[in-house]
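Count the sequence shown with full-length UniProt numbering and you get residues 1 to 279, in order.
Glycine included, C-beta positions come from ideal geometry on N, C-alpha and C.
Inspection log for the structure reproduced underneath, given as C-alpha coordinates.
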Amino acid sequence: MSDIIGLQNHAYTELQQSPQTVKKTKGKQLLKIIILVMLLFLAGDSVYYLFILPFNSTAKIQFSGIDTVLEADLKKAAGITGTEKWGKIDKDVLLHRIASYPLVAEVHVLKKYPDKVLIEITERKPVGVLLATVGDRTIPMEIDRTGTVFKAASKKEPQELPIISGLSFQTIRAGMKVHKQLVPLFRQLDLLQKKNPALLSEISEMKIEQKKYGGFDLILYPVRTQVKVRADSTLNEDRLQYMMLTLDVIRELDLSSKIEELDVRAGTASYRLRGEANE
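In C-alpha coordinates:
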(Lines of atoms letter the chains of each structure in order from A and count residues from 1; the text may use other names and numbers.)
(Lines give C-alpha, C1' and ligand atoms only; values in the text may rest on other atoms or scores of the structure.)
Protein backbone atom coordinates (compact mmCIF):
# COMPACT_ATOMS: atom_id res chain seq x y z
CA MET A 1 0.00 0.00 0.00
CA SER A 2 1.49 3.23 -1.03
CA ASP A 3 2.00 6.11 1.36
CA ILE A 4 -0.19 9.08 0.56
CA ILE A 5 0.59 12.46 1.95
CA GLY A 6 -2.44 14.58 1.98
CA LEU A 7 -2.37 18.34 2.04
CA GLN A 8 -5.59 19.70 3.18
CA ASN A 9 -6.72 23.29 3.38
CA HIS A 10 -3.27 24.69 2.41
CA ALA A 11 -2.97 27.16 -0.46
CA TYR A 12 0.45 27.79 -1.96
CA THR A 13 0.87 31.14 -3.73
CA GLU A 14 3.94 33.07 -5.05
CA LEU A 15 5.12 35.86 -2.68
CA GLN A 16 4.56 39.26 -4.27
CA GLN A 17 5.64 42.81 -3.07
CA SER A 18 2.93 45.30 -2.36
CA PRO A 19 2.83 48.56 -4.40
CA GLN A 20 3.86 50.56 -1.28
CA THR A 21 7.00 48.47 -0.80
CA VAL A 22 7.99 48.95 -4.45
CA LYS A 23 7.59 52.71 -4.14
CA LYS A 24 9.75 52.82 -0.99
CA THR A 25 12.51 50.80 -2.66
CA LYS A 26 12.54 53.03 -5.73
CA GLY A 27 12.55 56.11 -3.48
CA LYS A 28 15.61 54.87 -1.59
CA GLN A 29 17.42 54.12 -4.82
CA LEU A 30 16.60 57.57 -6.17
CA LEU A 31 17.79 59.18 -2.92
CA LYS A 32 21.07 57.27 -3.13
CA ILE A 33 21.55 58.44 -6.70
CA ILE A 34 20.84 62.06 -5.71
CA ILE A 35 23.28 61.87 -2.77
CA LEU A 36 25.94 60.30 -5.00
CA VAL A 37 25.49 63.03 -7.62
CA MET A 38 25.72 65.71 -4.93
CA LEU A 39 28.89 64.16 -3.48
CA LEU A 40 30.44 64.01 -6.93
CA PHE A 41 29.46 67.63 -7.51
CA LEU A 42 30.93 68.70 -4.17
CA ALA A 43 34.11 66.76 -4.84
CA GLY A 44 34.46 68.40 -8.24
CA ASP A 45 33.69 71.79 -6.72
CA SER A 46 36.32 71.25 -4.02
CA VAL A 47 38.93 70.20 -6.56
CA TYR A 48 38.16 73.32 -8.60
CA TYR A 49 38.37 75.76 -5.69
CA LEU A 50 41.31 74.10 -3.93
CA PHE A 51 43.52 73.23 -6.88
CA ILE A 52 42.34 74.71 -10.16
CA LEU A 53 41.19 78.21 -9.13
CA PRO A 54 44.31 79.20 -7.09
CA PHE A 55 46.64 78.13 -9.89
CA ASN A 56 44.63 80.01 -12.50
CA SER A 57 43.83 83.20 -10.55
CA THR A 58 46.17 86.15 -11.02
CA ALA A 59 47.49 87.20 -7.61
CA LYS A 60 46.27 90.54 -6.27
CA ILE A 61 49.25 92.10 -4.47
CA GLN A 62 48.41 94.60 -1.72
CA PHE A 63 51.09 96.62 0.14
CA SER A 64 50.59 98.39 3.47
CA GLY A 65 52.85 100.49 5.70
CA ILE A 66 54.42 102.35 2.78
CA ASP A 67 55.46 105.94 3.51
CA THR A 68 58.39 107.04 1.35
CA VAL A 69 59.18 103.84 -0.54
CA LEU A 70 57.63 103.49 -3.99
CA GLU A 71 55.41 100.47 -4.55
CA ALA A 72 56.90 100.02 -8.01
CA ASP A 73 60.39 99.74 -6.48
CA LEU A 74 59.18 97.10 -4.02
CA LYS A 75 57.57 95.07 -6.82
CA LYS A 76 60.78 95.28 -8.82
CA ALA A 77 62.84 94.13 -5.83
CA ALA A 78 60.42 91.25 -5.25
CA GLY A 79 60.39 90.25 -8.92
CA ILE A 80 56.63 90.83 -9.18
CA THR A 81 55.38 91.44 -12.73
CA GLY A 82 51.63 91.39 -12.04
CA THR A 83 50.98 88.18 -13.96
CA GLU A 84 51.84 85.72 -11.17
CA LYS A 85 49.29 83.05 -10.26
CA TRP A 86 48.32 82.98 -6.59
CA GLY A 87 48.99 79.26 -6.16
CA LYS A 88 52.50 79.51 -7.61
CA ILE A 89 53.73 82.33 -5.37
CA ASP A 90 56.27 81.18 -2.78
CA LYS A 91 55.64 83.29 0.31
CA ASP A 92 59.10 82.67 1.80
CA VAL A 93 60.91 83.63 -1.40
CA LEU A 94 58.83 86.80 -1.66
CA LEU A 95 59.56 87.69 1.97
CA HIS A 96 63.31 87.16 1.52
CA ARG A 97 63.48 89.34 -1.59
CA ILE A 98 61.61 92.26 -0.04
CA ALA A 99 63.54 91.97 3.25
CA SER A 100 66.76 92.32 1.21
CA TYR A 101 65.63 95.71 -0.13
CA PRO A 102 67.75 98.28 1.81
CA LEU A 103 64.87 100.67 2.60
CA VAL A 104 62.82 97.94 4.30
CA ALA A 105 63.38 97.23 8.01
CA GLU A 106 60.73 94.51 8.42
CA VAL A 107 58.25 92.72 6.18
CA HIS A 108 55.37 90.29 6.72
CA VAL A 109 53.75 88.36 3.87
CA LEU A 110 50.31 86.72 4.08
CA LYS A 111 48.63 84.71 1.32
CA LYS A 112 44.85 85.01 1.59
CA TYR A 113 42.67 82.56 -0.34
CA PRO A 114 41.73 82.65 -3.14
CA ASP A 115 43.90 85.31 -4.81
CA LYS A 116 45.22 87.96 -2.37
CA VAL A 117 48.82 88.47 -1.22
CA LEU A 118 49.09 90.97 1.63
CA ILE A 119 52.53 92.52 2.21
CA GLU A 120 53.06 94.66 5.32
CA ILE A 121 56.15 96.89 5.24
CA THR A 122 58.04 98.68 8.00
CA GLU A 123 60.41 101.24 6.48
CA ARG A 124 63.81 102.12 7.88
CA LYS A 125 63.86 105.44 9.72
CA PRO A 126 67.07 107.49 9.83
CA VAL A 127 68.60 108.43 13.18
CA GLY A 128 71.45 110.38 11.62
CA VAL A 129 73.41 111.21 8.48
CA LEU A 130 76.67 109.30 8.25
CA LEU A 131 79.47 111.16 6.46
CA ALA A 132 81.30 108.12 5.14
CA THR A 133 84.88 108.69 4.02
CA VAL A 134 85.69 106.58 0.95
CA GLY A 135 89.18 107.36 -0.32
CA ASP A 136 89.28 111.11 -0.83
CA ARG A 137 85.49 111.44 -1.03
CA THR A 138 82.84 112.06 1.61
CA ILE A 139 79.53 110.34 0.93
CA PRO A 140 76.49 111.28 3.07
CA MET A 141 74.30 108.26 3.84
CA GLU A 142 71.21 107.93 6.01
CA ILE A 143 71.67 105.37 8.79
CA ASP A 144 69.06 103.68 11.01
CA ARG A 145 68.94 102.37 14.59
CA THR A 146 70.51 99.04 13.61
CA GLY A 147 73.59 100.71 12.11
CA THR A 148 72.44 100.00 8.54
CA VAL A 149 73.09 102.62 5.88
CA PHE A 150 70.11 102.42 3.55
CA LYS A 151 70.15 105.35 1.13
CA ALA A 152 72.10 108.41 0.07
CA ALA A 153 71.18 111.51 2.06
CA SER A 154 69.62 114.35 0.11
CA LYS A 155 71.96 117.28 -0.44
CA LYS A 156 69.10 119.62 -1.36
CA GLU A 157 66.75 119.14 1.58
CA PRO A 158 67.78 120.65 4.94
CA GLN A 159 68.80 117.97 7.42
CA GLU A 160 67.38 117.95 10.94
CA LEU A 161 69.30 114.80 11.80
CA PRO A 162 72.65 114.79 13.62
CA ILE A 163 75.74 114.36 11.48
CA ILE A 164 77.97 111.38 12.30
CA SER A 165 81.54 111.53 11.00
CA GLY A 166 84.88 109.82 11.58
CA LEU A 167 84.28 106.48 9.82
CA SER A 168 86.23 105.35 6.76
CA PHE A 169 85.21 102.65 4.28
CA GLN A 170 86.81 101.00 1.28
CA THR A 171 83.41 101.16 -0.38
CA ILE A 172 79.91 101.90 0.81
CA ARG A 173 76.50 100.97 -0.53
CA ALA A 174 72.91 100.84 0.67
CA GLY A 175 72.32 97.83 2.90
CA MET A 176 75.77 97.79 4.53
CA LYS A 177 76.07 97.74 8.33
CA VAL A 178 78.68 99.41 10.52
CA HIS A 179 80.76 97.38 12.98
CA LYS A 180 78.65 95.77 15.71
CA GLN A 181 80.64 97.74 18.32
CA LEU A 182 79.01 100.93 17.01
CA VAL A 183 75.41 99.67 16.90
CA PRO A 184 74.57 100.69 20.54
CA LEU A 185 75.35 104.31 19.61
CA PHE A 186 72.67 104.33 16.90
CA ARG A 187 70.15 102.67 19.21
CA GLN A 188 70.85 105.45 21.72
CA LEU A 189 70.26 108.06 19.01
CA ASP A 190 66.94 106.42 18.15
CA LEU A 191 65.90 106.48 21.82
CA LEU A 192 66.87 110.15 22.18
CA GLN A 193 64.90 111.04 19.05
CA LYS A 194 61.80 109.51 20.59
CA LYS A 195 62.23 110.75 24.18
CA ASN A 196 63.85 114.18 23.81
CA PRO A 197 64.35 115.30 20.20
CA ALA A 198 64.84 118.93 21.28
CA LEU A 199 67.86 117.95 23.37
CA LEU A 200 69.35 115.92 20.54
CA SER A 201 68.88 118.85 18.15
CA GLU A 202 71.40 120.80 20.26
CA ILE A 203 74.13 118.65 18.69
CA SER A 204 75.01 119.42 15.08
CA GLU A 205 77.69 116.78 14.62
CA MET A 206 79.28 113.89 16.46
CA LYS A 207 82.62 112.50 15.39
CA ILE A 208 83.54 108.91 16.17
CA GLU A 209 87.17 108.77 17.28
CA GLN A 210 88.69 105.31 17.53
CA LYS A 211 90.76 104.68 20.66
CA LYS A 212 94.20 103.13 20.39
CA TYR A 213 93.36 100.00 22.38
CA GLY A 214 89.78 99.44 21.25
CA GLY A 215 86.51 101.25 21.78
CA PHE A 216 85.82 104.82 20.77
CA ASP A 217 85.14 108.32 22.06
CA LEU A 218 82.61 110.80 20.73
CA ILE A 219 83.56 114.36 19.86
CA LEU A 220 80.33 116.36 20.03
CA TYR A 221 79.89 119.72 18.31
CA PRO A 222 77.07 121.73 19.94
CA VAL A 223 74.97 124.11 17.85
CA ARG A 224 75.24 127.20 20.08
CA THR A 225 78.89 127.22 21.12
CA GLN A 226 82.33 126.69 19.63
CA VAL A 227 83.42 124.50 22.57
CA LYS A 228 83.51 120.87 21.49
CA VAL A 229 82.75 118.10 23.97
CA ARG A 230 84.56 114.79 24.40
CA ALA A 231 82.33 111.98 25.68
CA ASP A 232 82.57 108.21 25.89
CA SER A 233 80.43 105.85 23.83
CA THR A 234 77.47 106.20 26.22
CA LEU A 235 75.17 108.86 24.84
CA ASN A 236 72.02 109.09 26.94
CA GLU A 237 69.62 111.81 28.04
CA ASP A 238 71.26 112.39 31.44
CA ARG A 239 74.73 112.72 29.92
CA LEU A 240 73.53 115.21 27.32
CA GLN A 241 71.63 117.29 29.88
CA TYR A 242 74.71 117.47 32.12
CA MET A 243 76.83 118.47 29.13
CA MET A 244 74.44 121.24 28.05
CA LEU A 245 74.18 122.56 31.62
CA THR A 246 77.99 122.77 31.85
CA LEU A 247 78.17 124.54 28.48
CA ASP A 248 75.59 127.07 29.70
CA VAL A 249 77.80 127.82 32.72
CA ILE A 250 80.85 128.26 30.46
CA ARG A 251 78.88 130.63 28.24
CA GLU A 252 77.59 132.66 31.20
CA LEU A 253 81.15 133.01 32.54
CA ASP A 254 82.27 134.11 29.09
CA LEU A 255 84.85 131.34 28.86
CA SER A 256 83.86 129.94 25.47
CA SER A 257 86.71 131.71 23.67
CA LYS A 258 89.28 130.28 26.09
CA ILE A 259 88.16 126.66 26.34
CA GLU A 260 88.96 124.34 23.45
CA GLU A 261 87.33 121.16 24.68
CA LEU A 262 85.05 120.00 27.48
CA ASP A 263 85.61 116.44 28.70
CA VAL A 264 82.68 114.62 30.37
CA ARG A 265 83.97 111.05 30.07
CA ALA A 266 84.62 110.63 33.79
CA GLY A 267 81.12 111.71 34.79
CA THR A 268 82.43 115.08 35.99
CA ALA A 269 83.51 117.85 33.65
CA SER A 270 87.08 118.88 32.94
CA TYR A 271 88.36 121.11 30.17
CA ARG A 272 91.32 121.84 27.95
CA LEU A 273 92.26 125.41 27.13
CA ARG A 274 92.94 126.56 23.61
CA GLY A 275 96.56 126.01 22.67
CA GLU A 276 97.05 123.18 25.16
CA ALA A 277 98.14 119.80 23.82
CA ASN A 278 95.55 117.05 23.67
CA GLU A 279 96.67 114.21 25.94
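- Where H96 is concerned, the enclosing alpha helix (DSSP H) starts and stops at 91-99.
- With respect to the C-alpha of D136, the residue from L253, T81, L167 having the closest C-alpha is L167.
- According to the DSSP assignment, V69 belongs to no alpha helix (DSSP H), since it is labelled neither H nor E.
- DSSP, reduced to helix, strand and coil, places D136 outside both helices and strands of the structure shown, so it counts as coil.
- For R230, the enclosing beta strand (DSSP E) begins and ends at 228-231.
- DSSP places M244 inside the alpha helix (DSSP H), whose first and last residues are 237-252.
- In the structure shown, R274 adopts coil according to DSSP, grouped into three states.
- The DSSP-derived three-state label of L220 is strand.
- Between L273 and L235, the CB-CB gap reaches or exceeds 8 Å.
- A contact is defined here as three or more CB-CB pairs under 8 Å, and the segment 146-161 fails this definition with respect to the segment 110-118.
- The Cβ-Cβ distance between V129 and I164 falls below 8 Å.
- In this model, T138 and G215 are separated by some 23 Å (Cα to Cα).
- In this structure A72 is not in contact with R97, their Cβ atoms being roughly 15 Å apart against a cut-off of 8 Å.
- E276 counts as exposed, since fewer than 16 other C-beta atoms from the protein chains shown sit within 10 angstroms of its C-beta.
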